[in-house]
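Engineer: Quick note on the numbering used here: the sequence shown kicks off at 1193 and runs consecutively.
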Amino acid sequence: MSRAEMVRGEAPAGRGGFVDAFAAAADRATAGRFAVVEVCGGAGMGKSHLLADAARLARDAGFRVCEGRADRFEKGIPFALFAELLRLPGVEPTRVAECVEKSGSRLALVLDDLQWADHASLDVVEHLVRHPPNAPVLLVVAFRSARSPLGVVDAVARAADGVWRVTLDPLCDWDLRVLHPDASERRRQLLMRASHGNPRYLRMLAALPDATLGRIVRQGDDLDETTDIVRVLTAEFATLSGTALRIAQAIAVTGDHAAFDLVACVAELPVGQVVDGLDELCAAGLGAMDGAWFTFQHPFLCATARATTGPAWRTRAHARAAGYLRAHDGPLPRLAHHLERSAQYGDEHAAATLIEAGESLVYQAPATAVRLLDKALRIVSASGGRPASTLRYALALALSGELDRGWAALQELLRDRHPLRAEAAAVGVEIARLRGDLDTATALLGDDGPAAVQYAAIAALRENSSAAADHARQALLDGRRPALAAAALVLRAWAALDAGQVSAARADARHASRLLDGISTVTLVPHVELVNLLAWVETWLGDLTAATAHLARAYEVLDQTGQRSALPHTLVVDAALQTRLGRLTCALDLTDQAALAADHIGSPELRALAHAVRLRALLWTSGPAAAVDLARGLEESGRPRFRAWWRIARLNLATACTTAEDPAAVLDLLARPDETWPADPLARVTRLGGVAQARAMLGDHDAAAGAAADAELVAFASGLDYEIGSAWYAKAFVAHRAAQPGRARQLALRAATVFAACQAPLEEARAHHLAAVCEPERAHTELGLAKAGYAACGAEWLLTVVTRDQRRMAARSSRRRGTAPAGLTDRERQIADLVAGGLTNQQIANRLFVSRRTVESHLSRIFPKLAVRSRIALARCLGEGAARNGSSAE
């Protein structure tokens, strides 16, 4: 194996170019010829990390490695870069190049941070490149792009051969997929936007929760200067002159893209000195000029510059910036930003500016609006009051997730006969709903169009489908507001689905989707909750692509505005969707985030909803005991209070009890004579299927068959594939318990086919598992499909169950590598099993998260090994092999 082959597999994400270059250079040096690898890139791009890997690999390959790293504080010490080499016997400072040239063995010089190197060291490096020694020497150098050592760069550029140049660019989206394969798509997007693809910042940010990442993305250069990341970066400013540091501090106060005159005003320096200081900042690699404006390389650097100032200086600097912007008619948001940080008590003019800016940002940036309005209301006299501003302040508090403070701010406005009582009541309804108090919300409602939508939402949460439909219909009479009409259609779709009217629900959902797609993001901001409700309905209707798209739009609105009040519900709906798609790890992560977000805004009801949705994913990953414990905690807390959320918890708990084979608990949950259930096909099929399986466990086969048949009738009447698959799974379970293995297997395979068609991979794998259990003598292929499905979904507990069943059915021997036909590898056997199960190449690629071309490549090796030419022959071959192995095991 060549040197290139040995190291190429160790390429860090996004850095394959360096590994290829190093491998080629190492091969050349091993052959006795001089080779150079030049690495350049911005700060934090991973140069030092790559050079450390290079040193390790060179040492493993038999090179004598001498490492050196220049230090900005040692630029006056000659040959400091070669300190390690100088410690070798017979090496003198003035003869470094000669000693390298006469090196008798393979030597690797790995030199980092040449931008800080002393002149003597740079002369040696340049001499080696311009006069390459006829020796097995590998030279690897790295430096920052903004501070390139010109002599070395010129020497490398002019070298005839044996030189590899690598520029490290920011990481891309695909690199983040490799680095964080288990992270959700949204988290990867947040990491990319917060880090700008910089590996150093990415490593620092990877430990932060999504809520913090979202704040970093939204706040940009206005980050908290006490952040650990900022403290680490303080050294970047240590070598600046006093003038350049003061200019960096002024820009940190004014923000990027500030005019020279504004920076000069804040820094209290002449414009000429500002120009010279900006050149120094650019040369240091801290930022770049964007036309006539300076921009920091990353918001963290801006926050670091701000952290080097004192709080009193910052206050006066903001005051100078506000004065300049007011005198020059600067933009309102930027002026308000500086006034918030510098306005004094009693400044009515500043308060008016803050109120104007705050009221314009209530929906677009509620947290910012809260800060601006809070500052305005505190610095002006309390006499006379500002009720309109107080109302907007309360709304901003609610949208930013501070429900208790928002409710307190509303109390004066909710008095009888107050001119703004109706508007205050509308805000109060949303706060009460988020707090789980539907009675208070109902008491506050009025009779206008928006109130009809709110009435419909409350009725839907109470599972009063007829009232929800009536109120939604009333809201639709006002056709002048598309957002209101879309909300009414979504709620009517919800009510129709609750009443079992699937066709009507689908029609209203599609109509709402068309309206929603025509609404601008600005118009949608106050109605982002409607997008969550639509995604719920689309998930239940099986339109998963539309649900995914609408959730992406909801996240986009939340990321842009920071509306924390809507975040828990969005995360919960996303978790339900990911559970349906079989992405259990992602679903658990989302419910964790949702619970934390619900706690942050003070909503125990949304926290309970997060746990209700979490139950199903927890069941398949950790087992029924963990799911039952979580459900019992919900019952003890008396939540969720909303009937719709309570039903989700009840059905998921029943599934856990069914899996635990506790039929009495299942019947207690689903078959109480004093409880009524909605006509929603999802609830009815799940309930009837659960009752059927519980009756079958108890040996009451007639009652079990009757309940399963009823589930099938409801499922077919709905026309929903997922429900049809669930009904057939229940019928297969009942047939299995009634000792009808052939019929049970046939029904289970039907269910698996339907689940595959409707993008339910976890349920598909469970159906294959049941088919295997029904007829153990034909279990090999089905067990393989079940295991592959469970592994792809992250269903760890189910994997242990299927492995136990596999062992019990003596199928494990046929899976060992030693008995795999024609020496198939584990991956080849996995793909062969999926082909035998009837999956197409694209379906296999989707299941295993690889490309279709990769699957085809594996098959091109599998067919010759098994001496087959078709997929049918492949399945037959595997079946015969399983039979032989089963016989030998007996």
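Even for Gly, the Cβ is constructed at its ideal location relative to N, Cα and C.
1) Nearest to A1964 by alpha carbon, out of R1698, R1996, C1950?
2) Taking I1793 as the reference, give the member of A1779, Q1770, A1836, L1759 with the closest Cα.
3) If you run the structure through DSSP and keep just helix, strand and coil, what is E1171?
4) Between F1226 and P1325, is the Cβ-Cβ spacing less than 8 Å?
5) When burial is assigned at 16 or more other CB atoms within 10 Å of the CB, is G1976 buried or exposed?
6) Quick one: using the 10 Å Cβ neighbour count with 16 as the cut-off for buried, is D1402 buried or exposed?
7) Just mark G2010 as buried or exposed, buried being the case when its beta carbon has 16 or more other beta carbons within 10 Å.
8) Could you tell me if L1342 is buried or exposed, where buried requires 16 or more neighbouring beta carbons within 10 angstroms of its beta carbon?
9) Extract the residue ranges of the alpha helix (DSSP H) inside the segment 1502-1564, only unbroken runs of 4 or more that lie entirely within it.
10) Keeping to the same chain, check which residues put their C-beta closer than 6 Å to that of Y1537; ignore five residues upstream and five downstream.
11) Let me know if A1574 comes out buried or exposed under the rule of 16 or more other beta-carbons within 10 Å of its beta-carbon.
12) The beta strand (DSSP E) spanning W1356 covers which residue range?
13) Starting from L1763 and walking both ways along the alpha helix (DSSP H), at which residues does that stretch end?
14) Mind checking H1761: buried by the 16 CB within 10 Å criterion, or exposed?
15) Count the CB pairs spanning the segment 1947-1964 and the segment 1976-1991 that are closer than 8 Å, and state whether there are at least three.
16) Return the chain-ordered ranges of every alpha helix (DSSP H) run that is complete within the segment 1603-1635 and spans a minimum of 4 residues.
17) Apart from the five residues just before and just after A1617, which ones in its own chain have a Cβ nearer than 6 Å to its Cβ?
18) Buried or exposed for R1772, going by 16 or more other Cβ atoms inside 10 Å?
19) By DSSP, does D1791 sit in helix, in strand, or in coil?
20) If we count the other Cβ atoms within 10 Å of its Cβ and call it buried at 16 or more, is F1352 buried or exposed?
21) Nearest by alpha-carbon distance to A1931: which of H1893, A1699, A1944 is it?
22) When the Cα atoms are used, what is the spatial distance from R1839 to R1380?
23) By alpha-carbon positions, which one of L1405, A1398, P1391, L1273 ends up nearest to D1751?
24) Could you tell me the distance, in whole angstroms, from the CA atom of L1807 to the CA atom of G1815?
25) Rounding to the nearest angstrom, what Cα-Cα distance links D1365 and M1384 in this structure?
26) Going straight from the alpha carbon of G1354 to that of R1220, what length do you get?
27) Just to confirm my understanding: we take K1979, look at its own chain, exclude 5 residues before and 5 after, and list those with CB closer than 6 Å. What are they?
28) Measuring only the C-alpha atoms, how far is A1804 from A1509?
29) Who are the Cβ neighbours of E1615 in its own chain at under 7 Å, not counting the five residues just before and after it?
30) Given a threshold of 16 other Cβ atoms within 10 Å of its Cβ, counted over all protein chains shown, does D2086 qualify as buried or as exposed?
31) Determine the burial state of Q1603: buried for a count of at least 16 other Cβ atoms within 10 Å of its Cβ, exposed for fewer.
32) Tell me, to the nearest whole angstrom, how far the beta carbon of A1648 is from that of A1688; I am working on the premise that it is less than 8 Å.
33) DSSP three-state label for A1444, please.
34) Rounded to whole angstroms, what is the Cα-Cα separation between D1374 and I2054?
35) Out of K1923, S1705, A1852, which one is the CA nearest neighbour of W1989?
36) Going by Cα to Cα distance, which pick from D1596, G1710, G1911 is closest to A1696?
Structural biologist: Reading it off the structure:
1) R1996
2) Considering only A1779, Q1770, A1836, L1759, the residue with the shortest C-alpha distance to I1793 is L1759.
3) The structure shown does not extend to residue 1171, since the chain is modelled only from 1193 to 2082, so the question has no answer here.
4) The criterion of a C-beta distance shorter than 8 Å is satisfied by F1226 and P1325.
5) buried
6) buried
7) Caution is warranted here: a pLDDT of 40 is assigned to G2010, below 50, making its placement in the model unreliable, and no coordinate value can be reported.
8) exposed
9) Qualifying alpha helix (DSSP H) stretches, in chain order: 1503-1519, 1524-1532, 1540-1552.
10) Around Y1537: I1571.
11) Caution is warranted here: a pLDDT of 47 is assigned to A1574, below 50, making its placement in the model unreliable, and the coordinate value is therefore given only provisionally. When all chains shown are included, A1574 counts as exposed.
12) 1355-1360
13) 1759-1772
14) Per the 10 Å Cβ criterion, buried.
15) Proximity of the segment 1947-1964 to the segment 1976-1991 meets the contact definition, three or more beta-carbon pairs being nearer than 8 Å.
16) 1613-1626
17) L1636
18) buried
19) helix
20) Going by the sequence as given, residue 1352 is Ala instead of Phe. Answer is exposed; the Cβ neighbour count stays below 16.
21) H1893
22) 33 Å
23) L1405
24) 10 Å
25) 7 Å
26) 8 Å
27) V1994
28) 51 Å
29) L1583
30) Nothing in the structure corresponds to residue 2086, since the chain is present only between 1193 and 2082.
31) exposed
32) Their Cβ separation, rounded to whole angstroms, is 12 Å, which puts A1648 and A1688 out of contact at 8 Å.
33) helix
34) Going by the C-alpha atoms only, they are around 29 Å apart.
35) A1852
36) G1911
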